[in-house]
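*Asks:* Count along the sequence shown starting at 1, add 2, and that's the number in the numbering used here.
For every residue, glycine included, the Cβ atom is placed at its ideal position computed from N, Cα and C.
Source: prediction; values computed, not measured.
Below are the structure tokens for one structure; questions will follow.
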Amino acid sequence: MRRFYLVLLIMVILFLSACQSSEKLKPIKEETIDFDINTAIEMVEKKEKMIIDLALREKVSKLEYKELEKSFTEEFGNYAKEILSILFINNLDSEPESDRYVQRNTLFPTVFHKGITITNAVIYKSYYENEFFNQTRLSIKEEYFGEDEKLKDWNREYIFSPNEDGEWKLNGFSGKMNFLGEEYNMNYLDLKR
């Protein structure tokens with residue numbers, strides 16, 4: 003019984019310590035700064051051009067795939083494998099040296115599709131008493147404004163963080179990445195001319 007109370011006491015102390023430390027992590031100042039929309043469009047177009055160019059192909063050789071992995075990793079960082087897995091059919095029965103086929107039944111909306119627009123680009127900064135916890139992130143949001151009911155309210159947010167050199171590097175996504183199913187393909191929406 004004494005052991006039970008000792009464990010309970012330790013848990014209460016840990017809980018109270020966690021509550022107290024979370025209060026200390028509240029920012030002392032936050033600010034929102036508008037980011038240049040044209041620069042934001044260029045940043046997203048660079049990434050989504052790679053996606054649309056790949057998605058409109060039928061297949062790639064093993065050597066081409068290795069090059070794609072390299073270029074997607076440079077552009078998308080840790081998210082390269084996730085995006086490539088969306089765009090390719092993963093056939094576990096195929097030979098390791100065989101061609102890889104592009105997924106035909108997926109729509110990965112891009113700024114190159116009609117109805118898709120970059121709507122917001124904002125830098126968020128949070129300042130803390132301990133400068134170690136200061137955060138800066140760039141949010142670029144794209145949305146669909148077309149007539150298609152299946153895509154109504156679709157949006158995707160790119161989240162970037164500055165690296166040591168001050169360059170914006172992709173740090174994550176929010177929203178729906180793609181639509182999968184027999185009714186979808188990369189030509190589901192017309193491309194802008």
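Alpha carbon to alpha carbon, how far is Phe114 from Glu144?
*Replies:* When rounded, the distance between both Cα atoms is 11 angstroms.
*Asks:* To which residues does DSSP link Thr34 through a beta bridge?
*Replies:* DSSP output for Thr34 lists Tyr126 as bridge partner(s).
*Asks:* Should Ile12 be labelled buried (16 or more other beta-carbon atoms within 10 Å of its own) or exposed?
*Replies:* It counts as exposed.
*Asks:* When DSSP labels each residue in this structure, what does Thr121 get in the three-state scheme?
*Replies:* Thr121: strand per DSSP, three-state reduction.
*Asks:* If you measure between the beta carbons of Leu86 and Glu71, is that distance less than 8 angstroms?
*Replies:* Yes; because the gap between Cβ atoms is below 8 angstroms, this pair is in contact.
*Asks:* What residues in its chain sit with their C-beta under 7 angstroms from that of Tyr67, if we drop five residues either side in the sequence?
*Replies:* Arg102.
*Asks:* Thinking just about the alpha-carbon of each residue, which of Met45, Lys31, Asn40, Asp38 is nearest to the one in Trp170?
*Replies:* When only C-alpha atoms are compared, the closest one is Met45.
*Asks:* Measure how close the beta-carbons of Gly117 and Tyr160 come, nearest whole angstrom, since I'm counting them as under 8 angstroms.
*Replies:* Actually they are not in contact, since the Cβ atoms of Gly117 and Tyr160 sit about 18 angstroms apart, beyond 8 angstroms.
*Asks:* Reducing DSSP to helix, strand and coil, say where Glu144 ends up.
*Replies:* Strand.
*Asks:* On the premise that Gly177 lies in contact with Arg158, defined as a C-beta separation below 8 angstroms, what is that separation, rounded to the nearest angstrom?
*Replies:* Yes, they are in contact, since the Cβ atoms of Arg158 and Gly177 sit about 4 angstroms apart, within 8 angstroms.
*Asks:* Please state if the CB of Phe135 and the CB of Leu201 are separated by a distance shorter than 8 angstroms.
*Replies:* There is simply no residue 201 to check, as the chain begins at 3 and stops at 195 in what is shown.
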